[in-house]
Amino acid sequence: MKKIQFNARFAVLTTLILVAALSRLLPHPPNATAMGAMALFGGAYFSNRFMSLFIPLATLFVSDLMLNNVVYAAFNNGQFVWFYDGAAWTYGSFAAAIVLSWFLLKKVDAKSVFIASLASSILFFFVTNFAAWQSIYMPYPKDFSGLAMSYTVALPFFANSIAGDLFFCAVLFGGFEWAQRRFPSLVQA
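In the numbering used here, the protein residues as written are 5 to 193.
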């Protein structure tokens, strides 16, 4: 029988991402969440690429289930919601941010985290607002003027996304870097 060994680094990384995901349930300005930071953090610190995708995506899904079926339950006409309209675009953008971190965060330092955070915010903005433009639920004309309108209307949310991503990146990356110095068992072998 193989003995299961406790991995403190894995447990701490997973817990930090879960807490960041659950922070989405707290009151916050629109789009000022930990989503981008969760993606980048998981991609940067999990050495196993599957886990770097799976853990952040799974925690995003759990927080979405809670948001859709608890926080916003009144809007669902009593129906349980597994995925919302446009979820594929959001999850695709989130997964792309994780992959982006594999290239931009090979070395974790303040400059690379700042650049990756901005890149993640920009990616999310362009992908999800393209999705809003092409959606049948949004009243945008299906031409270039409608696409431009979808991006223009979303600019205040974009500012919040940048602020949220930068703030939560500072908390997650800064906190974990500090913890690795304080607790050597968290440093990857």
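Glycine residues also receive a C-beta, built at the ideal position from the N, C-alpha and C atoms.
Which runs of the alpha helix (DSSP H) fall wholly inside the region 14-97 and span at least 4 residues, in chain order? 39-49, 53-70
From the DSSP output, in three-state form, read off K115 for me. helix
Given S51, which residues of its chain have a CB within under 7 Å of its CB, disregarding the five upstream and five downstream residues? Q192
Would you report the Cα separation of Y95 and L159, rounded to the nearest angstrom? 21 Å
Is the region 88-106 in contact with the region 41-48, if contact means three or more CB pairs nearer than 8 Å? yes
Taking all protein chains shown into account, decide if V2 is buried (16 or more other Cβ within 10 angstroms of its Cβ) or exposed. A query on residue 2 cannot be resolved here, the shown segment of the chain reaching from 5 to 193 and no further.
Assuming T63 and A25 make a contact with CB atoms under 8 Å, what is their CB distance in whole Å? 4 Å
Take N72 as the anchor and find which of L61, F129, V85 has the nearest alpha-carbon. V85
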